[in-house]
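Number of protein chains: 2
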Amino acid sequence: MKNKIQELRKSRKVTQQELADALSVTRQTIISLENGKYNASLILAHRAAQFFGISIEELFIFDDEENL
Amino acid sequence: MKNKIQELRKSRKVTQQELADALSVTRQTIISLENGKYNASLILAHRAAQFFGISIEELFIFDDEENL
DNA sequence: AAAAAAAGTAAAGTTAACTTTACAATAATA
DNA sequence: TATTATTGTAAAGTTAACTTTACTTTTTTT
């Protein structure tokens, strides 16, 4: 699953650390999400979508046929 | 985090087993989600929302101030 | 009321999201 | 070019989502 986190973060001139703080996670979590190391949990996805003012469906790119 | 899975499943006369099969998870997972034992992963949330034809934000009730 | 279907409980195991710490590489700025 | 800010890598630990199996309880149907 891909996401638009890095793209949106950069366009808004927010650092990884600032985003991490805003979402109450570590910077490591932001890095790993941006670089596709793992998927966000539902709650984190919701927080991130809220932060960027869009829906979860808009922030994440779900390709069907993906494993849990 | 709460969700409307049980409510929607019943209103559509779908059994837990049928829903589990449709979402490619075990019945145990459905039971635990319906009974609030744990939260769905983002991908499962997406599959469930698609199944019911609504958005993730409509299917899940996010109360802010929740832990990851 | 009996049988069958559906829902629930319990418990042990696996996996991956997230944390923590520490260090390396790149980019920006003085 | 030197310094600082930002991003990335690595690795070990914790926790919770999800699985599997087996059994019990409730609901539905005959």
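So the sequences go chain by chain: B and C.
Position one of the first sequence corresponds to residue 35 (the numbering used here), numbered consecutively onward.
Position one of the second sequence corresponds to residue 35 (the numbering used here), numbered consecutively onward.
All C-beta atoms, glycine included, are put in the ideal place defined by N, C-alpha and C.
Note that the structure is a prediction, hence the values are computed from the model and not measured.
Check, Outcome
"Using the three-state DSSP reduction, which class does residue 36 of chain C fall into: helix, strand or coil?", "strand"
"Looking only at C-alpha atoms, which of B/85, B/80 and B/97 sits nearest to residue 90 of chain C?", "B/80"
"Hey, would you say residue 59 of chain C sits closer than 8 Å to residue 102 of chain B, going by beta carbons?", "yes"
"Is residue 75 of chain B helix, strand or coil when you go by DSSP?", "strand"
"Where do the N-terminal and C-terminal ends of the alpha helix (DSSP H) with residue 66 of chain C fall, by residue?", "61-68"
"With a threshold of 7 Å, establish whether the CB of residue 73 of chain C neighbours any heavy atom of the ligand GTP.", "Ligands are entirely absent from the displayed structure, and the ligand GTP is therefore not among its contents."
"Pull the bridge partners of residue 95 of chain B from the DSSP assignment, please.", "B/36"
"Which residues, in chain order, does the segment 61-80 of chain B contribute to contact with chain C at a C-beta distance below 8 Å?", "73, 74, 75, 76, 77, 78, 79 and 80"
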